[in-house]
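Participant: Numbering (UniProt numbering), first residue to last: 1 to 156.
Each residue gets a CB set at the ideal place from its N, CA and C atoms; glycine is no exception.
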């Protein structure tokens, strides 16, 4: 019974080695009373770690506040026109003046490709401006069906 067990301190005969009430307190330095409250004793013993953790939290909170204030003030996307202008532009149908349009604009008309657009420009240079949209039938490659499809999108 008097043999020592590995890992257990040898104590007096009638005391329990795990009884914290009769065990001596450690002789660690610290303010009076901190060693009597277990949580505060832990914090005092590990004060360097606690200080580093608190410093990290303060830095992270500061960085979050700093970044949130600047991202709210600067817009992420700068728009070149307002929503009202975009709605008006979307509602306005494509209308091409066949007497003034270049090949790129004429190419946007239905059933008109790059070659036909060049033919319209050549005919306009040779014969002058078109008086009506029906005059487009004189251009090679444009027939009555094509003129009917172009009419809602063209003007003279």
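By the 10 Å Cβ neighbour count, where 16 or more other Cβ atoms means buried, how is residue 85 classified, buried or exposed?
Facilitator: exposed
Participant: So is residue 54 buried or exposed if we call it buried at 16+ other beta carbons inside 10 Å?
Facilitator: exposed
Participant: Look up residue 97 in the DSSP assignment and give the residues it is bridged to.
Facilitator: 155
Participant: Within the 9 Å Cβ cut-off, does residue 41 reach chain B?
Facilitator: No chain B is present in this structure, which holds just one protein chain.
Participant: Measuring alpha carbon to alpha carbon, tell me which residue in 43, 99, 40 and 52 is nearest residue 132.
Facilitator: Selected option, being the one with the closest Cα: 99.
Participant: Please confirm whether residue 95 and residue 106 have their CB atoms less than 9 Å apart.
Facilitator: no
Participant: Less than 9 Å between the beta carbons of residue 119 and residue 147, yes or no?
Facilitator: no
Participant: Applying the criterion that 16 or more other CB atoms from any shown protein chain within 10 Å of the CB defines a buried residue, is residue 116 buried or exposed?
Facilitator: buried
Participant: Kindly indicate which residue of 122, 112 and 125 has the alpha-carbon position closest to the one of residue 154.
Facilitator: 112
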